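Trainee: For any residue, its number in our numbering is found by taking its place in the sequence shown, counting from 1, and adding 43. Think of the CB as a built atom: it goes at the ideal place given N, C-alpha and C, for glycine as much as any other residue. The model shown is predicted, which means the values in this text are computed figures rather than measured ones.
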Amino acid sequence: MNKDVLNGLFRPKAVAVVGASATPGKIGYTVVKNLIDSKYEGNIYPINPKASDILGLKAYPSVKDVPGFIDAAVIVVPSTLVPQAVIECGEKGVKGLIIITSGFSEVGQKDLEAQIVQSANNYGMRILGPNIVGSLSNSDKLNASFAPFLPLAGKASLVSQSGALLIAIDAATYTRKVGFDKLISIGNMADVSIADIVEWLNEDENTTCISLYIEGLKDGRHFMEASRKARKPIVALKAGVSAHGAAAAASHTGSLAGAAKVYGAAFQQAGVLQATDLDNLFDTTLALSLQPPMNGENLLIITNGGGVGVLATDAAEKYGLPLKFAPADVQAELKKHMPEFGSAKNPVDLTGMAGNEWYADSVRFSLSHPWVDGLVVLYCETAMTDPQEIAIAIHKAIQESGEKNKPVAVSFVGGERSAQAMTWLVEHGIPAYGAPDKAVNALASLREYARIKEMAHEDTSICKNENREQALKVINAARAEGRESLTEVEAKQVFTAYGLPVTTTTLAHTEDEAVQMANKIGFPVVMKIVSPDILHKSDAGGVKVNIKDEKEVREAYQAILSNAKAYKADADIHGIAIQEMAPWGTEVILGSINDPTFGPTLMFGLGGIFVEVLKDVTFRVTPVSTSQALRMLGEIRGAPILGGVRGEAPRDRKMLADTICNYSSMILDLADEISESDANPVLVYEEGKGVKVVDARIILKKK
Ligand code: ACO
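1) For the beta strand (DSSP E) that contains Arg740, what are its first and last residues?
2) Locate the beta strand (DSSP E) running through Gly71, then write down its first and last residues.
3) Can you tell me where the beta strand (DSSP E) holding Ala623 begins and where it ends?
4) Quick check on the DSSP output: the beta strand (DSSP E) that includes Val140 runs from which residue to which?
5) Name, in chain order, the residues that DSSP records as bridge partners for Asp96.
6) Provide the residue(s) that pair with Asn86 in DSSP beta bridges, ordered along the chain.
7) Could you tell me if Pro336 is buried or exposed, where buried requires 16 or more neighbouring beta carbons within 10 angstroms of its beta carbon?
8) Express the C-alpha separation of Gln622 and Glu524 in angstroms, rounding to a whole number.
9) The alpha helix (DSSP H) that contains Gly263, what's its start and end?
10) Helix, strand or coil for Thr251? Go by DSSP, reduced to three states.
11) State yes or no: is the C-beta of Ile70 nearer than 6 Å to some heavy atom of the ligand ACO?
12) Using 6 Å as the cut-off, classify the Cβ of Ser145 as near or not near the heavy atoms of the ligand ACO, replying yes or no.
13) Would Glu716 be called buried (16 or more neighbouring beta carbons within 10 Å of its own) or exposed?
14) Which runs of the beta strand (DSSP E), 3 residues or longer, sit entirely within the region 562–630?
15) Under 8 Å, with one C-beta from each stretch per pair, do the region 388–404 and the region 429–436 reach the 3-pair mark?
16) Within 10 angstroms of the Cβ of Asn705, are there 16 or more other Cβ atoms? Answer buried if so, exposed if not.
17) Would you say Asp659 and Gly677 are within 7 Å of each other, going by their C-beta atoms?
18) How should Ser203 be labelled, buried or exposed, when 16 other C-beta atoms within 10 angstroms of its C-beta is the threshold for buried?
19) Between the alpha carbons of Gly283 and Met570, how many angstroms are there, rounded?
20) Quick check: is any heavy atom of the ligand ACO less than 6 Å from the C-beta of Gly206?
21) Measuring only the C-alpha atoms, how far is Val483 from Tyr362?
22) List the DSSP bridge partners of Phe647.
23) Please give the ranges of any beta strand (DSSP E) in the region 187–250, keeping only runs that are unbroken, at least 3 residues long and fully inside the region.
24) Can the beta-carbon of Ser228 be found less than 7 Å from the beta-carbon of Gly177?
25) DSSP three-state label for Val736, please.
26) In whole angstroms, what separates the C-alpha of Cys252 from that of Ala330?
27) Can you list, in chain order, the residues of its chain whose CB lies under 6 Å from that of Glu593, leaving out five sequence neighbours each side?
28) Indicate the three-state DSSP secondary structure (helix, strand or coil) for Ile441 in the structure shown.
29) Quick one: Cα of Ser472 to Cα of Leu324, how far?
30) Between Met560 and the rest of its own chain, which residues show a CB-CB distance below 7 Å, the 5 nearest in sequence each way excluded?
31) Compute the Euclidean distance between the alpha carbons of Tyr103 and Glu497, then round it to the nearest angstrom.
32) Taking 7 Å as the threshold (C-beta atoms), are Val391 and Ala440 in contact?
33) At a cut-off of 6 Å, is Gly62 close to the ligand ACO when judged by its beta-carbon and the heavy atoms of the ligand?
34) Which whole runs of the alpha helix (DSSP H) in the region 480–532 are 4 residues long or more, in chain order?
35) If I'm right that Arg680 touches Tyr728 with Cβ under 8 Å, what's the distance once you round it to whole angstroms?
36) Report buried or exposed for His380, applying the criterion of at least 16 other Cβ atoms within 10 angstroms of its Cβ.
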């Protein structure tokens, strides 16, 4: 990120509009008018070869004719004229280009887009867009866009990949009462990326929360790095999570991975909160932009109505912040501010008799008490109380508590007077919502933010158990035969090169060899067909288990060969694998995909029916440290099975986590080679007894 250039782009001191027009209805007219209407204090230079004056401002034929400096140029000439405009801006020494013009990569004009980026970068300029609405900043009184007006002022900044949505959000900021400092349309992201803007907004003094609308990132890992380093909360709404990759998957893992899961994992790893929908993006942005993170689990709810209290209690459970009874000393104090029939447990029900003072006293006390980590204050409009006075009392009590590190959210349920009181609260820095569950969800987001921020900074030291050369030898040999998948025997050799504990597996080419190998491994053994043409070995009758003696080895050898031939007469048969028969253990699956956005990504889940039917799996973008791997084990619904159920001993989670870590290092190290892989099943034994990879699959990247 070049900070000076991006400052020029987003906080320019002088702006040119290339393609400015005196004709109302044209974008070139609207942009100039918007700059004037937003009361922009820097110089505005309309550029138009034919006009001398536009909207009362002197116009220039070219940026090169402008007497003063120009930080940013908004470009609104047709796409064919953009390359020349870029060159002229470069010659003038402009820092950033806000290219509103459409007609580039979004309609297949990739070369034209690459050309303008190259040209701009040659002059040290950066491009926002093309194909955007523009850029708006309240603190700079800058509406360099064709969105109608500056958004309601606030402390969040939004980056949107959709121009139309940005315009809609702009207007909605007033009805939703969620304030923004900057709205940045990013369009085709030909040059400046969301990651660049996250880095820049992290340094922006007027932004306290970064809000993102994402359709698809181009540089997933840069985004993760920028977000992980950010000191400000980030909330992202990811659209388009349904169709992604899964169709062409060749492995089990490939078929289970999708944009929703991989983006979800990446966001979590990078400390980014994920909004569930547009409504939730607004709600979460409001909370994150106004309140500190919630650094503990203890949520206290104060209410004047039992009904909203119960709704909030349900919501607390739903959003992962279940209520606990307040400790005795908290209850004793709160009891002083309610009638006999009130409840101080949690939710704290001040009853319908609650007036300003009871609210104030209980809010002030609760916030100051060390047990309370966050507070939700609910109010149902009553005939005896004035919502505005209640709002003032709550605000004053928060101030008087002196507490700045605990979040508070409010919900007033009522009519117009309540709505007005909530607007006042938001203006005074307290997020307020029309429904109790939303206020609780706001606190849950602030808790989640604290939690994932901790996670994003936890130990990321990774396993380095690598023998790359050994793995490449196996892979290159397969490639030399024109293959793009490894046989099980080969895949296990690659796994072994990265310290993964596979079942002892040797390849027999004759019946006698099979007998010798089985004797060496020790009975019982498993025998499997090894053929690049037979991926689904069991379906082809190519697997025999529990072979107990020499006679059975010979019978199985013949049976497997004839089954394989019957299944595919011209199959290329490498031989028959003789394997140690691993004792029963809990079946899990590990696997990987090479995600187009985030690169090597690992999957873990319980095996068998859990993965087939329930799809109970979890993902991480690599690298995955052992501590992250342990967290993965706890994330799946079937986690208790690994803890030991029905009197069984707990499984060897430590060894499984080490195996995940080694697997991660394998797929990261071989990112150029491996497209997808599965270790399925992996058997997990009792604590201290380790794990065994029983079957392995590797699909190579096309070269
Ligand atoms: N330098 C400066 N001005 C020039 C030059 C030049 N070299 N050459 C021509 N001009 C002037 C034109 O004379 C005209 O001014 P005039 O009205 O005085 O004649 C002005 O620049 C604009 O040129 P037009 O040819 O009139 O172009 P028009 O305004 O019709 O369209 C635009 C230009 C808006 C950039 C169009 O090509 C375009 O891309 N529209 C889509 C914009 C968009 O939707 N962006 C994505 C937003 S995201 C979303 O979907 C909401």
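Mentor: Reading off the structure:
1) Ala739 to Leu743
2) Unbroken run through Gly71 is the alpha helix (DSSP H), Ile70 to Asp80; no beta strand (DSSP E).
3) Per the sequence shown, residue 623 should be read as Glu rather than Ala. Note, Glu623: beta strand (DSSP E), Gly618 to Glu623.
4) A small correction: the amino acid at residue 140 is Leu; Val does not occupy that position in the sequence shown. Looking at the DSSP string, the run of the beta strand (DSSP E) that includes Leu140 is Gly139 to Ile142.
5) Secondary-structure assignment with DSSP links Asp96 through a beta bridge to Lys101.
6) Paired residues: Ala57.
7) buried
8) For Glu524 and Gln622, the distance between alpha carbons rounds to 25 Å.
9) Bounds of the alpha helix (DSSP H) holding Gly263 are Gly263 to Lys272.
10) Taken through DSSP and simplified to helix, strand or coil, Thr251 comes out as coil.
11) Answer for Ile70: yes, Cβ within range of the ligand ACO.
12) yes
13) buried
14) If only uninterrupted beta strand (DSSP E) runs of at least 3 residues are considered, those enclosed by the region 562–630 are 568–573, 586–590 and 618–623.
15) By the criterion of at least three beta-carbon pairs nearer than 8 Å, the region 388–404 is in contact with the region 429–436.
16) buried
17) no
18) buried
19) Taking the straight line joining both Cα atoms gives about 45 Å.
20) yes
21) 8 Å
22) Leu633 and Thr661
23) Runs of the beta strand (DSSP E) lying entirely within the region 187–250 and spanning at least 3 residues, in chain order: 196–203 and 223–228.
24) yes
25) strand
26) About 9 Å.
27) Val558
28) helix
29) According to the sequence as given, residue 472 is Gly; it is not Ser. Going from the Cα of Gly472 to the Cα of Leu324 covers about 18 Å.
30) Thr549, Ala551 and Ile621
31) 53 Å
32) no
33) True, at least one ligand heavy atom lies under 6 Å from that Cβ.
34) 511–523
35) Separation of the CB atoms of Arg680 and Tyr728 is rounded to 22 Å, and the pair is thereby denied contact status at 8 Å.
36) buried
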